[in-house]
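Engineer: The following block contains the structure, expressed as structure tokens.
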Amino acid sequence: MWPGSSYFLYFCFLGFFLGAPLHGWTQNLVSESDSLAEPPKKANQVQVTSGYFEKKPEFPEAVIYSRDANGPVHIVHDGVDMWCNQALVYFKENFVKAFGDVLVQQGDTIEMRSAYGEYNGNTSLAFAAGAVMLKEPTSSLEADTLYFDRVKQQAYYRSGGTVRDTSSVLTSQVGKLYTENKKYEFSGSVVIENPEYTVHAPRLDFYSESGLAYLYGDSRIESPSSTIYCERGYYNTRSNRGHFVKNSRVDYNQRILFGDSIYFDRALGYASASNNIKLIDSTNKMVVRGHYAEVFKDKDSVYITNRAVAISVQEQDSIYIHADTLRVTGPPKMRV
1 MWPGSSYFLY
11 FCFLGFFLGA
21 PLHGWTQNLV
31 SESDSLAEPP
41 KKANQVQVTS
51 GYFEKKPEFP
61 EAVIYSRDAN
71 GPVHIVHDGV
81 DMWCNQALVY
91 FKENFVKAFG
101 DVLVQQGDTI
111 EMRSAYGEYN
121 GNTSLAFAAG
131 AVMLKEPTSS
141 LEADTLYFDR
151 VKQQAYYRSG
161 GTVRDTSSVL
171 TSQVGKLYTE
181 NKKYEFSGSV
191 VIENPEYTVH
201 APRLDFYSES
211 GLAYLYGDSR
221 IESPSSTIYC
231 ERGYYNTRSN
241 RGHFVKNSRV
251 DYNQRILFGD
261 SIYFDRALGY
271 ASASNNIKLI
281 DSTNKMVVRG
291 HYAEVFKDKD
301 SVYITNRAVA
311 ISVQEQDSIY
321 IHADTLRVTG
331 PPKMRV
């Protein structure tokens with residue numbers, strides 16, 4: 001028999017039916033039984049375990065896999081699973097384009113859903129677009145487009161995104177998730193919305209397990225009872241405690257507290273400040289300076305020590321009071 005004639009007859013017979021989908025076909029991309037879809041065997045080759053396939057002239061380099069009666073197309077690669085309604089698989093490039101109800105799952109830690117997706121088996125880089133939702137154990141991320149680098153275990157977006165955890169909703173223009181240490185890096189109009197307060201910052205790092213938010217640049221935390229300003233600091237979104245440095249201040253309804261370093265506890269209505277303290281009491285036209293202060297908002301009490309001085313404006317005169325310790329307390333108009 002002429003060498004290779006059996007293979008020649010096989011391909012002639014297959015070519016006669018080419019273009020008709022092979023329904024119900026379950027196929028590994030590197031399976032030797034599938035001559036139509038067989039790529040050169042690679043150790044790192046993506047694999048398809050379900051769906052039927054067809055070839056079309058408009059996609060000469062791809063095999064088209066589609067959902068069948070048994071369920072969606074299932075693609076696997078090096079610990080990641082991808083499901084979709086239809087996929088274009090490029091054997092030579094080790095590359096997949098996925099369409100419709102795309103789900104990418106990495107073990108029990110990462111789940112990413114989208115309308116469209118791409119996956120490169122050589123670089124382990126995934127791309128998702130269209131109503132993207134990425135979930136990890138402690139938070140979820142929504143974006144129009146999202147990149148996921150499996151080698152670095154990082155996901156990032158550049159055109160706006162929203163992160164939700166147990167207590168807050170965070171939005172930003174640019175964001176990056178480090179999946180191994182549950183850390184987010186946000187930049188560009190960063191906002192945290194919480195039922196009790198709102199945070200604004202040009203740049204912010206957020207740890208989804210602890211709820212810690214680290215603020216960088218001109219930042220503020222607004223609530224009905226107070227507003228905090230700083231250029232650097234952190235705030236715990238779970239315990240509602242924070243520490244702020246570099247041009248930090250706390251604005252209450254009738255007082256403004258400045259200090260190089262300010263500790264704040266929202267639940268206790270308490271703030272303490274150290275170094276270069278200035279307290280402005282607008283109601284009583286008073287300024288108090290020192291190097292350590294404590295404010296008890298609910299008790300309407302302020303305690304200042306360490307070279308404390310109070311400057312009170314009465315009519316057209318200013319009265320200076322120097323002491324080791326000064327305390328301002330009592331209802332408005334009756335403080336001593």
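Our numbering puts the first residue of the sequence shown at 1, with every later residue one more than the last. Glycine included, each C-beta is placed from N, C-alpha and C at the ideal position.
Please classify Leu268: does DSSP put it in a helix, a strand, or coil?
Structural biologist: Residue state, collapsed to three classes: coil.
Engineer: Within 10 angstroms of the Cβ of Leu177, are there 16 or more other Cβ atoms? Answer buried if so, exposed if not.
Structural biologist: Leu177 sits buried, since 16 or more C-beta atoms from the chains shown fall within 10 Å of its C-beta.
Engineer: Alpha carbons only, please: which of Arg150, Glu222, Asp68 and Gly71 is nearest the one belonging to Gln106?
Structural biologist: Arg150
Engineer: How long is the line joining the alpha carbons of Ala98 and Cys84, rounded to whole angstroms?
Structural biologist: 6 Å
Engineer: Beta-carbon separation of Val174 and Ser189 under 7 Å?
Structural biologist: By the CB criterion at 7 Å, Val174 and Ser189 fall outside the cutoff.
Engineer: Please return the same chain residues whose Cβ sits closer than 6 Å to the Cβ of Lys135, not counting the five positions on each side in sequence.
Structural biologist: Glu111
Engineer: For Met82 and Glu61, what's the separation of their Cα atoms in angstroms?
Structural biologist: 21 Å
Engineer: Anyone know if the C-beta pair for Glu185 and Asp165 falls short of 7 Å?
Structural biologist: no
Engineer: May I have the straight-line CA-CA distance separating Val63 from Ala69, to the nearest angstrom?
Structural biologist: Rounded to whole angstroms, the gap between the alpha carbons of Val63 and Ala69 is 19 Å.
Engineer: Assuming Ala131 and Ala115 form a contact by the criterion Cβ under 8 Å, report the distance between their Cβ atoms to the nearest whole angstrom.
Structural biologist: 6 Å
Engineer: Our contact map puts Cys230 next to Asn247 with C-beta atoms below 8 Å; I'd like the distance itself, whole angstroms only.
Structural biologist: 7 Å
Engineer: Buried or exposed: Tyr320, going by 16 or more other Cβ atoms within 10 Å of its Cβ?
Structural biologist: exposed
Engineer: Taking C-beta to C-beta, are Ser223 and Tyr197 nearer than 7 Å?
Structural biologist: yes
Engineer: So, at 6 Å on beta carbons, what are the nonlocal neighbours of Glu294 in its own chain, with the 5 sequence-adjacent residues on each side left out?
Structural biologist: Contacts found: Ser272 and Tyr303.
Engineer: For Thr123, name the three-state secondary structure that DSSP assigns.
Structural biologist: coil
Engineer: Classify Ala323: buried if its beta carbon has 16 or more other beta carbons within 10 angstroms, exposed otherwise.
Structural biologist: exposed
Engineer: Taking 6 Å as the limit between beta carbons, can you name the residues of its chain near Ser139, skipping five residues before and five after?
Structural biologist: Val163, Asp165 and Ser208
Engineer: Can you tell me the Cβ-Cβ gap for Asn275 and Ser261, rounded? I've got them flagged as a contact below 8 Å.
Structural biologist: 6 Å
Engineer: Select from Asp281, Arg232, His77 and Met286 the residue whose C-alpha is nearest the C-alpha of Val46.
Structural biologist: His77
Engineer: Go through its chain and collect everything with a Cβ distance to Tyr292's Cβ below 6 Å, but skip five positions before and after it.
Structural biologist: Take Tyr292, set aside five residues on each side of it, and the residues of its chain with a beta-carbon closer than 6 Å to its own are Ser274, Thr305 and Asn306, in chain order.
Engineer: Using the C-alpha atoms, what's the distance from Asn94 back to Leu141?
Structural biologist: 28 Å
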